[in-house]
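Colleague: Just passing along the structure, written as structure tokens.
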Amino acid sequence: MSGHLASVALPAFIASLVEFVEALTIVLAVGATRGWRSALVGTAGGIAVLVLLVAVFGPALAYAPLRAIRIVLGALLVFFGLRWLRKASLRYAGAIPMGDETARFAHATSQLGGGAKSGSIDGAGLLTAFNGVVIEGLEIVFIVVAVGASSNSLGLAALGAGAAGLIIVALALALRQPLARVPENALKFVVGLMLSSLGTLWLGEGLGVVWPGDDLSAIGIGAAYLAASAIGIGLSRRPGNRRAASLRA
Amino acid sequence: MTWLRTILRKIVGLFIDDPVLAAGVAVWIALVALLGIVAPEMAHVRAFALALGLCAILMLSIVLGATRSP
Chain A
14 MSGHLASVAL
24 PAFIASLVEF
34 VEALTIVLAV
44 GATRGWRSAL
54 VGTAGGIAVL
64 VLLVAVFGPA
74 LAYAPLRAIR
84 IVLGALLVFF
94 GLRWLRKASL
104 RYAGAIPMGD
114 ETARFAHATS
124 QLGGGAKSGS
134 IDGAGLLTAF
144 NGVVIEGLEI
154 VFIVVAVGAS
164 SNSLGLAALG
174 AGAAGLIIVA
184 LALALRQPLA
194 RVPENALKFV
204 VGLMLSSLGT
214 LWLGEGLGVV
224 WPGDDLSAIG
234 IGAAYLAASA
244 IGIGLSRRPG
254 NRRAASLRA
Chain B
57 MTWLRTILRK
67 IVGLFIDDPV
77 LAAGVAVWIA
87 LVALLGIVAP
97 EMAHVRAFAL
107 ALGLCAILML
117 SIVLGATRSP
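Which chain is which? The protein sequence lines are A and B, in order.
Each residue of the first sequence is one higher than the one before, starting from 14 at the first, in this note's numbering.
Each residue of the second sequence is one higher than the one before, starting from 57 at the first, in this note's numbering.
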């Protein structure tokens, strides 16, 4: 059970934290400029679509052979995890700028226009909130379905994502501003490591390789990815890169 | 329709950010799978080949990505 918590609920929880923070920035921008009713209705609609996707795809995968699930979802997890790992590494190397929720919030509010409207529902605001929640939430859906189906623990993965959602909503209600202090890049790096490791482990099992130490190999694979990222960051980190990134930010 | 297109683009973007990384990973997975057909008795070797090959591809992609960044 504790192994499943670490390998299923934790990646879903951390990844969902990152994505919920990004969705929250959009919802807050809609609320501040177009009215809270539009923001909340759009958010509720988006969450309903995401829950529906998990409810449809999650159980449907239970009917597929485990080996096929592990090959397909394991490979997709590798693609997904390495993408996050690469991006976070490039940010650490100073090659691309760090994510900035305050700047994202300012950009979104300027796009939506000023003048908060209260009472009636604003179509543009509702659609923006809905799109933001669905688009950012797709990554959560994929992680919940992929990690849950590959380990036969969909409920645990959904629980991890749900807990992250509750925490972010509670923080948003308390602070009423973008969560700029969340260490987004560090979280993305950790989740990228976890998902790449689990994806490699499950993909390998699907392809019939024999991992020394069975499931414990995920730790060794994670250490290897960590070393590869560290070397990549070390080779890429140049004063010029840092300066360019800070100028762009 | 615009939001549907955005969502489709986002779905592809979930897995492919850098085409070089995606292509490298796909080719390496295919090679390890092929090795399983040609030499199924080398299950342990394939495990190391899969993990270490993907690590090398990641490292290269980071270095290339940093080189290409303006």
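C-beta: ideal position from N, C-alpha, C; glycine also.
Got a sec, what are the start and stop residues for the alpha helix (DSSP H) residue 58 of chain A sits in?
Modeller: Per DSSP, residue 58 of chain A belongs to the alpha helix (DSSP H) from 49-74.
Colleague: Quick check: is the beta carbon of residue 244 of chain A nearer than 7 Å to any beta carbon in chain B?
Modeller: Judged by the 7 Å Cβ criterion, residue 244 of chain A is in contact with chain B.
Colleague: Quick check on residue 29 of chain A: does DSSP put it in helix, strand or coil?
Modeller: The answer is helix: DSSP assigns residue 29 of chain A an H, G or I state.
Colleague: Return the first residue and the last residue of the alpha helix (DSSP H) that residue 165 of chain A is part of.
Modeller: Neither: residue 165 of chain A is in no alpha helix (DSSP H) and is coded neither H nor E.
Colleague: Rounded to whole angstroms, how far is the Cβ of residue 122 of chain B from the Cβ of residue 108 of chain A, which I believe are closer than 8 Å?
Modeller: 4 Å between Cβ atoms; contact.
Colleague: Taking residue 85 of chain B as part of the alpha helix (DSSP H), name the residues at either end of that continuous run.
Modeller: Start and end: 75-94.
Colleague: Please name the residue in A/62, A/138, A/200 whose C-alpha comes closest to that of residue 48 of chain A.
Modeller: The candidate whose alpha carbon is nearest that of residue 48 of chain A is A/138.
Colleague: Give me the residue from A/23, A/31, A/238, A/20 with the minimum Cα distance to residue 112 of chain A.
Modeller: If we check each option's Cα against that of residue 112 of chain A, A/31 comes out closest.
Colleague: Count the CB pairs spanning the segment 169-185 of chain A and the segment 74-86 of chain B that are closer than 8 Å, and state whether there are at least three.
Modeller: No, the segment 169-185 of chain A does not touch the segment 74-86 of chain B.
Colleague: Between the alpha carbons of residue 34 of chain A and residue 221 of chain A, how many angstroms are there, rounded?
Modeller: For residue 34 of chain A and residue 221 of chain A, the distance between alpha carbons rounds to 38 Å.
Colleague: State whether the segment 98-113 of chain B contacts the segment 219-236 of chain A, with contact taken as three or more CB pairs (one from each stretch) at a distance under 8 Å.
Modeller: Yes, since at least three Cβ pairs between the segment 98-113 of chain B and the segment 219-236 of chain A fall closer than 8 Å, the two stretches touch.
Colleague: Compute the beta-carbon to beta-carbon distance between residue 93 of chain A and residue 42 of chain A, rounded to the nearest angstrom, for a pair I have assumed lies under 8 Å.
Modeller: Between residue 42 of chain A and residue 93 of chain A the Cβ distance is about 27 Å, and since that is not below 8 Å, they are no contact.
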